[in-house]
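Asks: One structure follows; several queries about it will come next.
Written out as structure tokens, the structure reads:
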């Protein structure tokens, strides 16, 4: 088989060496993850504004397809908190705008983002995810966590709240406080407290009782399942649904239906409305997935291939679109559980899909009495760990410009919405990067007496020559800073009328792009018109090779010196 | 007076030292520029789809306002070829879309782009113009030149052609060839040939006849005026207008009217449609203006202040909007003529405005018989010098990625339109920059035997230690390349299972932003999980200061070494 096919289908590699031992490990991990995924997938479906079974459906075909195309051995694919929130916002807006159903819009969203990921993976465009700088992702994820928690208030309080932004949700709160359903509040509060306590204290407690660390860990992660079972029992026993508590209700049994986002009359408008959200969901999902995948792979000195990840996630999302699901990605918590529970290969994902298929076939009747408040509490506990307010002080101390991007993304995501926040974050990152790189550090340098070293005149007591200006550029030269160099040289020469030679020390210049080349030509020409000669020193090999391919050196009146010291000695001797 | 006011109103500085000698020089330059501007401003008004007098109007108030706020002594502001083309496209589309008049749309466009420039100047946001990299500007200007020339075919052939793209214009040509008006063609061809010859041969010819170089230069630049006068005489004498030749017709006499883009019913839609074009016109106009201004200022070791330029151009455009004009900028050819003719201060602009006012008052009756073919020929000769096809081969040889941006901008501008071309250019520049910086050069380094120097193992025969991996990153670390570093280190460590220490040599790292800091933390943690320790060496002072403000160094298990050699010696001694 051609090696290229193996790169595209990682399953061909691992499945041929698959051992019984690996299968046993994968099976255990799959059982643990299945238990964890049942409440999680139901909860994220509700978060996305869809019926609970959509969460189960979105956790089967995508897992199978990821196992075929993905490159991580331990990533667990399925609905995730942030992408579900984005799905709710995008599908809701598009459905309202075009008259299509919310579920149809979610299918289209999965199809589009899957197609975009596949396209990016095939064209090796994974690098576009770099547009999402860390402060942007951090601000976005924190804000999304808060937004998700706020969106669950309606389930925890038993009141109707609508809206995609924090102000919208909070503004409705006072008007509904009189209608709060206290049994629901009690159920939510108890589950919330129990899950919170389990998360913080169950593992050390069990270990103190002599339980092995591994089992203690799994048990504390499976706490939501226990909460689920107990609250179903309580709600069914006391018939709380009749008392006005909102429960999940009838969930159809059976395997996922085959669905196809049909090309109806509203489809063109729907696709147009969903294209940008789909791109954003793809990027966010990809970034989350790759970060988790890379962390877990590195622990075992394995590798993941970002382009294979894009293809795997793309196939998964298309799978979700064809089987009644919604956008999926590699989730953080479930992948960590999968890893910790000992998954060795993507076969664990296949086994998990089988486990969920059994759940979909046989467990759904038991979910009728599951209170929505329990699912909401599950979500709130999960997402509040995403909120990292410490990032604000850390980033403020480290870099003011990064702080601006973080704060802008956070604020706009909460106040205007997930898409506006993310786009403002990307835009501000680019603008701030441009601002920062538009002012490269340029030092006027002079000779450290008695040596061949040249240092910044502002930081060291050094010797300078009245007719020679030595400038060291501490950055590669390219379109973002080329014009600043022009300004800087013009200002320096205007301020030093005696100067006859300008020497650019290029020791820190790793690249000169076409814009910067043009600027250097303009600088040389303008200096020449003013009776000054431009020279270069310490140009790196690859940069010099490139300059030789242009006619810059033919037109340069000055010289290119191997060292800055040679330049100064030779020019001051004139 | 506070010094800040002087920075904002350069006129306060130069006017107080204004001498009779300077006034004489400025007067001569103004006379020459006025002569040149009469045909040019009429022609660019027609190009922008406006009545000819709009060109005269746009050359008065803007010049006065620039003289007050601008920082260049020689820049001549007024309608320019590329911005006029952009005005035609944007005002045409917005007028068709909203039902407003073309002239009203042009006023709004001037007001919006003036407002944006003023805003950018006050907020010191001039750096956003760096988004327009040199290949993008070059491709855009060349394509605009061709597009303008093609748009003048209708005047040169006397046939109706409509459209904003080259395919649209050329596709209509065959259908109209039968209707070509041959006297118009003859007039256009003669003027075209004469102007072309004057541009290439008049100056050397006059010099050979003993005319001084200065006068010869001015005479060759004033050739269009002669062409204008002769073709008016010919058209009037032979009554060519009656024979079917299109002439300028009645141009109202008088000073510019006071206009105000009124807030009518269609205004909100108009503003929305024009905002993006206005931003693009501002950026293009600013880039053109600053390049010319800087070149001319440098020749006399003067300086221009880009933020003052933005304020000056902003005020000029608002002035144009209030006096029946359209978007203006600092034009290349007129500024060079102004400089060559000896302008010393912005007062030359004031005198030019006065000259044009006289023309508007007394010359307009004479323009009735001016053939449109003559103006078209003036434009074609002027813009064809903008087309620089050599840039394609030069850029291809120098940098493939820059070539892609150039070709994309050029092709889309011609085939789809000026705005699409420019935006695709900016977008592709950013993507390509991201692509390029997403793969920084990272060299595995080893010791040059017998020295303390470390070099790339691929280029030199050097010594390496099986348990120590030395990596040199040749780029600042920031969001665009941070994840690549993660991938690269992960791959290297996965490929070298014996490695126990990774040392990052940071001698070329000028900055580490918050994203890269996060990546370094992730790398350190993942390596730690895999039993490998991360160390740094040769971290620059400012970068180290910054790292100390984060908690990265507290969590780093490895050390920070002053030199790479110290790192290797100390680690290999373990």
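Protein chains in written order, with the UniProt record's numbering: chain A, 1 to 574; chain B, 1 to 574. Cβ atoms here follow ideal geometry from the backbone N, Cα and C, with glycine treated the same way. Because the structure is a prediction, the values reported are computed rather than measured.
1) Within the continuous alpha helix (DSSP H) that includes residue 53(A), where are the two ends?
2) Below 8 Å between beta carbons: does that hold for residue 105(B) and residue 94(B)?
3) Relative to the C-alpha of residue 539(A), which candidate in 550(A), 564(A), 198(A), 528(A) has its C-alpha closest?
4) Using beta-carbon positions only, say whether residue 140(B) and residue 409(B) come within less than 8 Å of one another.
5) Assuming residue 417(A) and residue 89(A) form a contact by the criterion Cβ under 8 Å, report the distance between their Cβ atoms to the nearest whole angstrom.
6) By Cβ distance, which residues of its chain are closer than 6 Å to residue 575(A), with the 5 residues on each side in sequence left out?
7) Mind listing the chain A neighbours of residue 518(B)? Cutoff is C-beta to C-beta under 7 Å, in chain order.
8) Taking its Cβ as the centre, do 16 or more other Cβ atoms sit within 10 Å of residue 451(A), making it buried, or is it exposed?
9) Looking at the strands, I want to know which residues DSSP matches up with residue 435(B).
10) Return helix, strand or coil for residue 330(A), following the three-state DSSP convention.
11) Do residue 283(B) and the ligand ADP come close, with the Cβ less than 7 Å from some heavy atom?
12) Assign residue 576(B) to one of three DSSP states: helix, strand, or coil.
13) Let's see if you can read the secondary structure: which residues bound the beta strand (DSSP E) around residue 443(B)?
14) Using 8 Å as the threshold, is the C-beta distance between residue 279(A) and residue 100(A) below it?
15) Use the C-beta contact count for residue 394(A): other C-beta atoms within 10 angstroms, 16 or more gives buried, fewer gives exposed.
16) Does the beta-carbon of residue 495(A) have 16 or more other beta-carbons within 10 angstroms, so that it is buried, or is it exposed?
17) Restricting to Cα atoms, I'd like to know which of 251(A), 298(A), 502(A), 371(A) is closest to residue 489(B).
18) Is residue 441(B) close to chain A? Criterion is C-beta to C-beta, closer than 8 Å.
19) Output, in sequence order along the chain, the residues in the stretch 550-571 of chain A whose CB is closer than 7 Å to any CB in chain B.
20) Exposed or buried, which one is residue 130(A) when buried takes at least 16 other CB atoms within 10 Å?
21) Taking the CB atoms as reference points, tell me whether residue 79(B) and residue 133(B) lie closer together than 8 Å.
22) In its own chain, which residues sit with a C-beta less than 6 Å from the C-beta of residue 173(B), not counting the 5 before and 5 after it?
23) Return the chain-ordered list of same chain residues with a C-beta closer than 6 Å to the C-beta of residue 413(B), the five sequence neighbours on each side being excluded.
24) Name, going along the chain, the residues of the stretch 485-507 of chain A whose beta-carbon falls closer than 8 Å to a beta-carbon of chain B.
25) Show which residues of chain B have a CB atom less than 8 Å away from the CB atom of residue 430(A).
26) Any Cβ of chain B within less than 8 Å of the Cβ of residue 529(A)?
27) What is the DSSP secondary structure of residue 533(B), counted as helix, strand or coil?
28) Quick check on the DSSP output: what are the complete alpha helix (DSSP H) runs of length 4 or more inside the stretch 5-61 of chain B, in order along the chain?
29) Is the shortest distance between the beta-carbon of residue 394(A) and the beta-carbons of chain B less than 8 Å?
30) Under the DSSP definition of a beta bridge, which residues are partnered with residue 454(A)?
31) DSSP puts residue 78(B) in a beta bridge; with which residues?
32) What's the C-alpha gap between residue 265(A) and residue 321(A)?
33) Please list the residues of the stretch 242-260 of chain A that have a C-beta atom closer than 8 Å to any C-beta atom in chain B, keeping them in chain order.
34) Using a Cβ-Cβ cutoff of 8 Å, what residues of the stretch 298-330 of chain B are near chain A? List them in chain order.
35) Which of helix, strand or coil does DSSP assign to residue 465(B)?
36) Quick check: the Cα distance between residue 487(B) and residue 438(A), rounded to an integer number of angstroms?
Replies: On the basis of the supplied data:
1) 53-57
2) yes
3) 564(A)
4) yes
5) 6 Å
6) Absent from the structure is residue 575(A), since the part of chain A shown begins at 1 and ends at 574.
7) Chain A residues near residue 518(B): 134.
8) By the neighbour-count criterion, in which 16 or more other beta carbons inside 10 Å mark a residue as buried, residue 451(A) falls on the exposed side.
9) Note: residue 435(B) sits in no beta bridge, so no partner.
10) strand
11) The model depicted lacks the ligand ADP and carries no ligand whatsoever.
12) Because chain B here runs from 1 to 574, residue 576(B) falls outside it and cannot be looked at.
13) 442-447
14) no
15) buried
16) exposed
17) 298(A)
18) yes
19) 550
20) Buried, by the Cβ-count rule.
21) no
22) Counting only Cβ-Cβ distances below 6 Å, and skipping sequence neighbours, we find nothing.
23) 140, 143, 421
24) 486, 487, 490, 491, 493, 494, 497
25) Within chain B, the residues near residue 430(A) are 430.
26) yes
27) In the three-state DSSP reduction, residue 533(B) falls in the strand class (E or B).
28) 10-16, 20-47, 52-57
29) yes
30) 447(A)
31) 329(B)
32) Distance between the alpha carbons of residue 265(A) and residue 321(A) is about 19 Å.
33) Answer in chain order: no residues at all.
34) 298, 299, 300, 301, 302, 303, 306
35) strand
36) 28 Å
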